[in-house]
Every structure is written in C-alpha cells, then in structure tokens.
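Have a look at the structure below before the remarks.
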Amino acid sequence: MSGTALGAMAKPGMADKLRAGGVIRMQYKRVPCKYPGVNIAFRVDQGANPFYFKTLIEFEDDDGDLKAVALKEAGSGAWTPMAQDWGALWRLNNGRRLRAPFSLRLTSDSGRKLVVNNVIPANWKAGATYRSLVNYP
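Right under this line is the structure:
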C-alpha cells in the first residue's frame with residue numbers, strides 16, 4: 001500500500017504517525033463491483049499505437065478482478081491473449097501492426113466470459129474512451 005493511501009486512512013493530523021508505525025497487520029475483504037445501468041468502457045492508453053494496444057477496462061460488474069482478456073482483430077477468428085500491466089490495464093504488443101476494429105473477450109475470476117464485439121473502432125485514437133453496449137448480468 002502506498003504511503004498516500006495509508007495516510008488517507010488516518011484520523012486528521014495523524015497521517016505521518018500512522019505511516020511511521022512500522023509493519024501494520026491489516027485485514028481486508030474484496031467486494032464485487034456493481035455499476036447498475038452502466039456498461040463497460042475501454043479507455044485507450046495515451047501510449048497506444050498501431051503496433052501496441054493498451055486499455056484500461058472500466059465499470060466491469062462481476063465477482064472480482066478479470067483473470068484474462070483477449071483481443072480479436074478485424075478479419076480474424078483468433079483470440080490473442082493480452083497481458084495485464086497492473087490493475088485494470090491490459091496490453092498487447094505482438095510486434096506487428098494490429099488491424100482494428102477490435103473485439104475484446106473478458107474472463108472474470110470465476111471464469112465467466114463476456115465478448116464485446118467491435119468495441120474499439122477502426123479509427124481509434126490513443127486517449128479516447130469507447131463505451132460498450134454490455135456488462136456482466
């Protein structure tokens with residue numbers, strides 16, 4: 001946990017004392033994310049380009065983290081696994097130009113799959129957010 005996050009849990013004026021406390025035993029519980037009425041969105045990373053695709057997956061309703069994301073290029077029937085950078089950021093760098101539009105297949109921790117067809121358009125732009133029409137039920 002970052003010092004900033006730890007300090008945010010302190011009482012007012014006590015952040016430095018909490019951060020200086022050494023090893024702190026703590027328990028936490030993950031809870032499912034729920035965004036009623038909101039569909040999944042894909043924010044394309046500023047560093048993405050025709051050879052390197054990276055996206056932040058937002059508003060995903062389900063039982064926890066995504067355990068896998070795969071990308072399908074235009075004109076292909078194959079799903080290519082993406083690598084998780086950290087958190088909800090996923091990337092694909094396979095050394096060749098990628099052909100959009102892209103479909104994305106999300107797999108939840110519990111193994112539930114959700115396919116978002118052609119969510120990233122052919123004329124996608126780095127920094128743009130593309131909203132899907134779906135979410136986990």
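If you use full-length UniProt numbering, the sequence shown corresponds to residues 1 to 137, in order.
Ideal placement from N, C-alpha and C gives every residue a C-beta, glycine not left out.
Kindly indicate the opening and closing residues of the alpha helix (DSSP H) around Ala15.
Residue mapping note: residue 15 aligns to position 15 of the sequence shown, counting from 1. Run containing Ala15: 15-19, per the alpha helix (DSSP H) assignment.
Can you tell me whether Ala5 is helix, strand or coil according to DSSP?
The residue given as residue 5 occupies position 5 in the sequence shown. It is helical.
Could you tell me the alpha carbon to alpha carbon distance between Leu56 and Val44, rounded to whole angstroms?
As a first step, residue 56 is located in the sequence shown; it is residue number 56 there, counting from the start. As a first step, residue 44 is located in the sequence shown; it is residue number 44 there, counting from the start. Distance between the alpha carbons of Leu56 and Val44 is about 6 angstroms.
Is Pro81 helix, strand or coil when you go by DSSP?
Taking the first residue of the sequence shown as 1, we reach residue 81 at position 81. Shown here, Pro81 sits in a strand according to DSSP, grouped into three states.
Given a cut-off of 8 angstroms on the beta-carbon distance, is the pair Glu73 and Leu98 in contact?
For the purposes of this step, residue 73 is taken as residue 73 along the sequence shown, with counting starting at 1. For the purposes of this step, residue 98 is taken as residue 98 along the sequence shown, with counting starting at 1. Going by C-beta atoms, Glu73 is nearer than 8 angstroms to Leu98.
Checking 8 angstroms against the spacing of the C-beta atoms, do Phe51 and Arg96 come in under that value?
Working through the sequence shown from its first residue, we reach residue 51 at position 51. Working through the sequence shown from its first residue, we reach residue 96 at position 96. Taking a C-beta distance under 8 angstroms as the contact criterion, Phe51 and Arg96 qualify as a contact pair.
Rounded to whole angstroms, what's the CA-CA distance from Ala128 to Gly7? Just pull it up for me.
Sequence index remark: in the sequence shown, residue 128 carries index 128 (1-based). Sequence index remark: in the sequence shown, residue 7 carries index 7 (1-based). Taking the straight line from one Cα to the other gives about 33 angstroms.
My output table needs one value for Glu58: the three-state DSSP class, helix, strand or coil.
Residue mapping note: residue 58 aligns to position 58 of the sequence shown, counting from 1. The answer is strand: DSSP assigns Glu58 an E or B state.
Grouping DSSP H, G and I as helix and E and B as strand, with all else coil, what is Ser110?
The count along the sequence shown starts at 1 and reaches residue 110 at position 110. Taken through DSSP and simplified to helix, strand or coil, Ser110 comes out as coil.
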